[in-house]
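Residue 793 is where the sequence shown starts when you use my numbering, and the numbers rise one by one after that.
Glycine is no exception: its CB is placed at the ideal position from the N, C-alpha and C atoms.
Here's the structure we're looking at; comments come further down.
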Amino acid sequence: MIINLSALRRGARVVALGGCLLAGASTTATLAEAREANYQLYKELEGERKIIGPLVGHVTDTTASIWAYAGPRTTPLILEIEELESKRRSADGEQGPPQKLRLDATPNADEHHAVEFHVTGLKPETRYAFAVRLAEEEDSAEAGLFATAPVAGEG
793 MIINLSALRR
803 GARVVALGGC
813 LLAGASTTAT
823 LAEAREANYQ
833 LYKELEGERK
843 IIGPLVGHVT
853 DTTASIWAYA
863 GPRTTPLILE
873 IEELESKRRS
883 ADGEQGPPQK
893 LRLDATPNAD
903 EHHAVEFHVT
913 GLKPETRYAF
923 AVRLAEEEDS
933 AEAGLFATAP
943 VAGEG
């Protein structure tokens with residue numbers, strides 16, 4: 793989304809709603825009015841694309857947050873992560889098999905059907921590939937990459 797900075801300087805309001813930034817002139821909706829988003833605005837969900845995102849949020853040396861939106865569905869979303877490469881070796885010099893993780897989450901209408909996966913147990917200084925998909929549709933996957941940070945105080 794592109795936000796017009798000159799409109800912000802003129803006093804336009806920007807509101808975070810369900811993981812989306814909404815910019816408006818000077819109108820303010822009540823919480824009840826803003827409770828449910830207008831899902832017809834999300835044309836990306838029509839056709840072949842089933843998921844908006846995923847977006848990688850805060851990443852530490854052992855954790856990552858990944859956000860996705862699949863429209864007003866109650867179908868679970870599945871996150872699959874696989875280790876690609878690590879800059880760190882274990883004490884014995886062996887790396888072992890690549891780390892693989894699988895999480896699922898069900899969209900919640902109270903959070904406008906957005907899902908945030910909180911991934912823990914990752915390895916520091918490691919690159920990961922991931923995909924988010926709908927539980928019932930294997931071909932709905934949207935993929936991405938991220939890397940964890942070095943351990944605090946090292947590097």
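State the CB to CB distance for the pair residue i and residue j, rounded to an integer number of angstroms; the pair is presumed to be in contact (CB under 8 Å).
i	j	result
residue 870	residue 922	Contact doesn't hold; Cβ gap of about 11 Å is too wide.
residue 896	residue 935	Between residue 935 and residue 896 the Cβ distance is about 17 Å, and since that is not below 8 Å, they are no contact.
residue 880	residue 917	5 Å
Using a 10 Å radius around the Cβ and a threshold of 16 neighbouring Cβ atoms, would you call residue i buried or exposed?
i	result
residue 905	buried
residue 907	buried
residue 911	buried
residue 942	exposed
What does a CB cutoff of less than 7 Å around residue i pick up in its chain, not counting 5 residues either side in sequence?
i	result
residue 932	842, 843, 925, 926
residue 848	856, 858, 936, 938
residue 876	919, 920, 921
residue 850	857
Go ahead and pull the three-state DSSP assignment for residue i.
i	result
residue 853	coil
residue 862	coil
residue 901	helix
residue 819	Caution is warranted here: a pLDDT of 45 is assigned to residue 819, below 50, making its placement in the model unreliable, and the coordinate value is therefore given only provisionally. Reduced to three states, the DSSP call for residue 819 is coil.
residue 916	coil
residue 873	strand
residue 843	coil
Taking residue i as the reference, which of the options has the closest Cα?
i	options	result
residue 898	943, 861, 912, 872	861
residue 913	846, 848, 852, 845	852
residue 867	930, 940, 944	930
residue 854	903, 900, 901, 891	891
Please go through the same chain and pick out, in chain order, the residues whose beta-carbon is closer than 6 Å to the beta-carbon of residue i, but skip the five residues on each side of it.
i	result
residue 888	none
residue 894	872
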